[in-house]
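Okay, structure first, notes after.
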Amino acid sequence: MSDKKYWQSFAEFKHKEQVDKLNKDEFKEELPFGELDENILDAKTPRRDFLKYVGFSTAAATIAASCEVPVRKAMPYVNRPENLTPGVAKYYASTYVQDGDVVPVVVKVREGRPIKIEGNTLYPYTQGGTSPRTQASVLDLYDMYRTPHPKRKSGNSFQEIPTFDQLDQQIGAALAGAAGAPVVLLTSTIVSPSTKQVISQFLAKYPGSRHVQYDAVSYSGLSTAHGGRIPAHNFDRADLVVSLGADFLATWLAPVEFARQFSSKRKLRSPEDGMSKLYVFESHLSPTGASADERFTHRPSETGAVALALLAALGGGVTAPSLDANLTKTIQKVAADLKAHAGKALVVCGSNDPNVQTVVREINRAAGAFGTTLDTATTLNYRQGDDAAMATLVDDMNAGRIGALLLYGANPAYDYVDAKAFTNGLAKVKLTISFNEKLDETSELCQYLVPAHHYLESWGDAEPRSGYISFIQPAIYPLFKTRPFQTSLLKWSGNNQDYETYFRTYWVGRLGSEAALDKALQDGVLGSAGSQSAAQPATIADTVRAAIAPVPTPAVTPVTTTAAPTGNLAAAVTAITGQRKAGKDEIVLFQQVNILSGKQAGNPWLLELPDPITRTTYENYAMISTKKAKELGIDYEGVDYEYYQEKPLIDLTVNGRKVSLPAMVVPGMNPDTIAVAVGYGRSENFSKAAAGLGQNVFGFARWNAAAKVREYWNEVTTSTKAGDAYKIARIQMHNSYEGRTAVVKETTLATFKAQPDAFLKFREELQEDFAKRSGDYRAEGTLYDDPALRTHEIKWGMSIDLNACYGCGACVVACHLENNVPVVGKNEVLRAHEMHWLRIDRYFVTDEKNPDNLKAVVFQPMLCQHCENAPCENVCPVAATMHNTEGINQMAYNRCIGTRYCANNCPYKVRRFNWGDYTGASTHGVLGPNSGVGKLDTVVHQMNDELTRMVLNPDVVTRSRGVMEKCSFCVQRTQLGKLQAKIENRKIGGDEVQSACAQACPTGAIVFGNANDTNSAVAKTREQNPRRLFYVLEQIHTLPNVSYLAKIRNTDEVIEGEGSSNEQARQQKGEPVTPQQEPATEHK
Amino acid sequence: MNFLPSNVRKGALLGLLFFLSYISLQAQDGKAIFSANCASCHALDKQLTGPALRGVETRGPWTDRANVVKWVHNPGGFIPTTPYTQQLAASMNGQIMPSFPQLSEKEIFSILDYIKSAPAPGAGPATPAAAGAPQETGNGELIFGVISIVLAIIALILMQVNSNLKKLSDDKEQILRPEPVPFWRNKIYIALFAVILFVVGGFYVAKSAIGLGRQQGYQPTQPIFFSHKVHAGVNQINCLYCHSAALESKHAMIPPLNVCMNCHKAINAYEKGPKIYDENGKEINGTAEIKKLYDYAGFTPGPGAQWDPSKARSPQWVKIHNLPDHVYFNHAQHTRVGNVACQTCHGNIQEMDKVAQASSLSMGWCINCHRQQKIAFNYNDSTGNKFYSIYEKFHNDFKSGKMDSLTVKDIGGLECQKCHY
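Residue numbers (my numbering), protein chains in the order written: chain G, 1 to 1084; chain L, 1085 to 1505.
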């Protein structure tokens, strides 16, 4: 019998029956009929009441009917732009650049409004992948809290400067007045080569001035260890990856690129295909740790020691520090594995200590990573911040040595380790100018605000990796009176060109001709060749071809040289050995995949995206271990802790600064580590939607004075406040499967090898039991008509590879954009009213006894399964939901009367009910006090602002209050795809239509297409992966059109009984199971 | 004429028409081709974007029709060959006519024939098109209704008579019966009346409730009295010239002002067309309406006047054909793929001075068409769409003769999510 258990919450682990009982009802609110129920038949007045109501509603309907239909106006273009047809979307290649994050994208524009971001498939390193922040960035364009025009501070408020000429005059005078004192340009990482040239011209104009790059979350330790630049990491060449606290699948450096590379080694069809192995050493549970094959925890202060021990075990000529016995043993094992995979291994480390990174560099050298998995000839430019330079700047500012400070993209008053020193220093600078788009915590302290364009309004370029250029072109005319910060710099350095002209001149110079630049802008990327060989057109001069490598889309990333920096090891070892302190508790600061360092923290879609690990929205909290919970007297195993949203508050004190945060007990944490996410606790000016949510903990980082870097851990003292609790909007307990547990399938590689057909066998047994005659379980296992008859020529289907899903949530945000899925706000999430059509369920896998002994975490994207035998369809009293010939489970919103029977009867719990008027659709678009939106959170009002509503997809209706909604398989896209094929008089291709989620996925985990077309990716995926293929709850014969591929983790553990026993699943076949009778685990 | 039998009238009219059309068959063709291709830039007697064309065959190289053909097929190439065209190009500020390589020599000749034969301005208008023969409107329903009511009354009277007779016979036979209740107090009659009232009333209440928000016949007043009859009917401007997105987009598109100004830069008066009337029979001054357009466009007419679009403002047209927000409708699907004529849904738009919504645009109306509309399924010949080649089962049924036609319904045209998403 298997010693394995899947669970989602501690309460479920311990008290399954109680939890199931509590979760029995799909809808948590009591119906308001309690008192009436008993004596409704004896009541004296119901008939009269009935007549009254009938009378009233008839009268109301009559009055409503006598109202005139509103007159709708239509205003045509005065002079229609030549290439614009109303109703037809245009796509422009551009690049999402947020600080150092770079993702080449394609922007969908309808009638001049950008409404959707898609990945640019021509860029070989992302191949169309995106991150949740990339997807959500279009909403930042329509952010009502953007600074609308240049302003100057007078007193405590800002006054508009009417024209840019006046602004230039004032700034020119002020800059001249600061003569002698240095001018400093403080920016986040600049990845644009032309902007760098603009900056150097500006600096040349003001002698003594300098440019300081500063990242909210610093990577300067990594670049210092590699001689000032970050080498390219090739996860697609690594059969073995060891991560020392680097969350490279979700947040570290370039997660979109890395996740794609990493997943390419994980999509095995059969055991003999093999897969890469990921070891993770970390302190808290990160998405990368959750996706690890084997995972070990340690204190954050021990990162250096672990690295050193690993180097020692590899024979690196250093002495291993003392660590606990278990850790030492595992390090030996990992070292042996690294030796076995020499030349095919990669070690990455999330520490910002250059000493630790130096040791990791040496580990990589010992593992033969240089020249294979680490490419020093190619630089990753994603982060270039320099902590030492920033520290010097803050010192200089405080000493009054800085004449002028120009800020772009940097917000140190919020995210610097010593924000107080920075703000004190800022007050001493004579001239302070902020180019930031929003009035963030630093900008509100500056004298001048000169807001820059959003990237969707800008021209520009980005060089995320040396030799690869991705271009930015505007997709909309600037919404506000803003100006590119490069234009300001050019103006102030005496060059009257605007940046657009400068940019074009710069690139025409580099590419040789206007035509070459236009071609490059059209493709969006340079340096790629791939399928579109035209990306390197003949018009590009040969010289440029040499400068910009025409690398074809690589099967694996090519590597050119093997030179690696050396030295400093001895000093690093000394530093690490001397450094280790043993505080009682330690805090580690981490970035969440949706919020990252907080630059987009005012974005409603990102705020409402649940964290992949804790499934929590809107706020940060203190992640604590089970041991710590016991110490603090938190009964985390009780049903109440999980079921009710109040979480006990704990006080965290670091260097005398105290912050109260709700405690979130998470399995798989290092016992003495508390983890808190950065990016929350924003000011009201930055965003009213995010203000007052969570706490800013950037101040809890520590300044490593010796190495001159910021590190993201510290010692902490904790205490509880008895009785204090705080409500956290966690969707953990929503959407219960009511005791059906065979929802995810997961096993180890060793088990898969031993029994490669275990998952297949389960499906074959279904056939034996229910379809003896034809051997076709899908067709025969039903009383009703043959579902095969309903299958027509197109059948939309989806396949989701659990091995390639790391829970990032890009798909969830993409679904929001594409389908106008409403944002409901924290208070509504607390009432289980969130509207996500697609959610990513997270399952912990442990043994039966110890919930803290994590074997694996499974992320499962769950959306409408579009069942052929859909239980929801049978119970709708008004036939608002029914099947169509293309395999889509349709939902006609306007027919829905809101009985919610369908949601109750859905085994997958993917239907969402509109409890409130979240979109204003119920009130002819007028958000009056009676619209229902009046009582909702600020964030809902923000989403209903006229400016924000420009982001809505005009091809999809906004749903009103009182109707059920759910995934439609992006029917607007399938319909458009078919129309396009008809217009072009041809067959429709199997992969021609992509759902928004499939398109957004950075790893290609989600595949969508016409499953009836044998050449489509989805049909091929199903055909080629029979051994991992499964359908969720297949035994209840709902016949889903969404298939999954089971997760395999690469360990040697053989799980006994896996696959040989499907008794429990068999018990479930066909009949509903009451939670009480249900066994607690999948395998008994 | 009223005393002539109608078939004689029709016959005479037809004969006349046939005679006329026989004479000017070539020119008629030419007129159609001229309207479709040339009329947006050329008029016969007035300089528009291009020169006036009357008497073109007496000018310059055009005396030789072969030259005209060369010119139409490639104006840019022809310009340098004669001094006349060089001068012409210079006088048009270098603006060159687009080429029409698709026009055959015969077609071009027929245009020239038309130009030659077209009546000069001031001459009487061409014979008006035959008025549609009055149609037999079916008022069978009314007749049936009247008959039913008459029958019902007769039945009522007969019942009364019957009961009276019965009473008489009872009296005769001395059977004692209670005094009969008059029918207005008779519960059976009252109940019957109530039921009929409920059914009829319910029918009309339900019908009008279903009709809420429907606007068949909606005929709002527009900021400019734009007559579709004058443009699409009399001048035979192709619908797609203005509503150019109808073949490619979900919207047919209200034409932008630059499309209006293409022609109206030169056409600044409404002179020779039929009189325009609004729905109340009031005559509309076409020239004044063109002035309104100039007002919106910010244009002052005059010789050589240039239009500056930056001075224009957009008129707020009142949208006539409205679908609810939860309906997705795509013009391209219906026009380009389905080959549905504009008039099928919008009515005889070319005869409307003031446009009214011709169809109910209700769901039943849509669905009905989806049930009946045959689709171009035969992908092997040029009329069919290759998209449908994936429907193997239906093609087999065609071959085996099980089916002879296919409607939109058969390929899922009645499914909710074809229109609602």
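Glycine is no exception: its CB is placed at the ideal position from the N, C-alpha and C atoms.
- Taking CB atoms only, VAL821 (chain G) has no neighbour in chain L less than 8 Å away.
- Sequence-distant Cβ neighbours of VAL875 (chain G) in its own chain, meaning closer than 7 Å and more than five residues away, are TYR901, CYS902 and ASN905.
- In this chain, the alpha helix (DSSP H) harbouring HIS1348 (chain L) covers 1341-1348.
- Here ARG72 (chain G) carries a coil assignment [DSSP, helix/strand/coil].
- Taking a Cβ-Cβ cut-off of 9 Å, THR134 (chain G) has no neighbours in chain L, whose nearest Cβ is about 25 Å from it.
- Apart from sequence neighbours up to five positions away, the residues of its chain that approach LEU1137 (chain L) with a beta-carbon distance below 8 Å are CYS1122, HIS1126, ALA1127, LEU1128 and ILE1199, ordered along the chain.
- Pairing ALA452 (chain G) with ARG483 (chain G) gives a Cβ-Cβ distance under 8 Å.
- Closest in alpha carbon position to VAL963 (chain G), among G:TYR918, G:GLY977, G:ILE988 and G:ASN985, is G:TYR918.
- Taking all protein chains shown into account, ASN120 (chain G) has 16 or more neighbouring C-beta atoms within 10 Å of its C-beta and is therefore buried.
- Taking the Cα of GLN447 (chain G) as reference, the smallest distance to any Cα among G:TYR455, G:PRO954, G:ALA11 and G:LYS430 is reached at G:LYS430.
- In this structure, the alpha-carbon of TYR636 (chain G) lies about 13 Å from that of PRO662 (chain G).
- In the structure shown, LYS1047 (chain G) falls within a strand segment according to DSSP collapsed to helix, strand and coil.
- In the displayed model, PHE370 (chain G) falls within a strand according to three-state DSSP.
- When DSSP states are grouped into helix, strand and coil, ILE1274 (chain L) belongs to the helix group.
- Between ASN495 (chain G) and chain L, the shortest Cβ-Cβ separation is not below 8 Å.
- Looking at the DSSP output, ALA675 (chain G) sits in a beta bridge with G:VAL588 and G:MET623.
- The beta carbons of ILE888 (chain G) and VAL971 (chain G) sit about 6 Å from each other, so the pair counts as a contact at 8 Å.
- Inter-residue distance for LEU122 (chain G) and LEU526 (chain G) is about 9 Å (C-alpha atoms, whole angstroms).
- Around the Cβ of VAL103 (chain G), a 10 Å sphere holds 16 or more other Cβ atoms; the residue is buried.
- When beta bridges are read from the DSSP output, GLY460 (chain G) appears opposite G:ILE472.
- Exclusion of the five residues before and after PHE480 (chain G) leaves ARG146, THR147, PRO148, HIS149 and PRO451 as the residues of its chain whose Cβ lies within less than 8 Å of its Cβ.
- The beta carbon of VAL1492 (chain L) sits closer than 7 Å to those of HIS1454, GLN1457 and ILE1459, all from its chain and outside the five residues before and after it, given in chain order.
- PHE1310 (chain L) carries a coil assignment under DSSP once its states are collapsed to helix, strand and coil.
- Per DSSP, TRP837 (chain G) lies in no beta strand (DSSP E) segment and is marked neither H nor E.
- CA-CA distance, ALA345 (chain G) to MET390 (chain G), rounds to 34 Å.
- Residue contact with chain L for ALA60 (chain G): absent (no Cβ-Cβ distance below 8 Å to any residue of chain L).
- One alpha carbon belongs to ALA225 (chain G), the other to MET943 (chain G), and they sit about 45 Å apart.
- When Cβ-Cβ separations below 8 Å define contact, TYR1198 (chain L) makes no contact with chain G.
- The bridge partners DSSP lists for ASN1010 (chain G) are G:TRP796.
- When only Cα atoms are considered, LEU338 (chain G) and GLY316 (chain G) end up about 13 Å apart.
- Against chain L, a Cβ distance below 7 Å from GLN890 (chain G) picks out GLU1499, CYS1500 and GLN1501.
- Looking at the DSSP output, MET964 (chain G) bridges to G:PHE913.
- With a threshold of 8 Å between beta carbons, PHE1471 (chain L) makes contact with chain G.
- DSSP links MET1243 (chain L) through a beta bridge to no other residue.
- Within chain G, the residues whose beta carbon sits less than 9 Å from that of ALA1396 (chain L) are VAL78 and ASN79, listed in sequence order.
- By the C-beta criterion, the region 320-337 of chain G is judged not to be in contact with the region 213-232 of chain G, since fewer than 3 inter-stretch pairs fall below 8 Å.
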